[in-house]
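Positions in the sequence shown are counted from 1; adding 37 to them yields the numbering used here.
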Amino acid sequence: MELRVFVPGDLRNQFKGVCVTQGLTMSQVITEFMKNYVDQQHKNKDK
Numbered sequence: 038m039e040l041r042v043f044v045p046g047d048l049r050n051q052f053k054g055v056c057v058t059q060g061l062t063m064s065q066v067i068t069e070f071m072k073n074y075v076d077q078q079h080k081n082k083d084k
């Protein structure tokens, strides 16, 4: 599935640079972030 996100160019470039140095794709990092965010929101809702 495709998801488009618009961010400032300099932020995108910095993010891509960090991902490359970690040997990860931007998609891998964003997917992990999204999973963690959803999990955290579910935990907060259950309080």
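Heads up, the beta-carbon is just placed ideally off N, CA and C, and yes, glycines get one too. As the structure is a prediction and not an experimental result, all values here were calculated from the model.
How is V44 classed by DSSP in three states: helix, strand or coil?
Residue state, collapsed to three classes: coil.
CA-to-CA distance, V55 to G46, given in whole angstroms:
Near 14 Å, if we compare the C-alpha coordinates of V55 and G46.
In terms of residue numbering, what span does the alpha helix (DSSP H) encompassing T62 cover?
T62: not part of any alpha helix (DSSP H); DSSP gives it neither H nor E.
Please report how far the alpha carbon of Q59 lies from the alpha carbon of T68, in whole angstroms.
Rounded to whole angstroms, the gap between the alpha carbons of Q59 and T68 is 15 Å.
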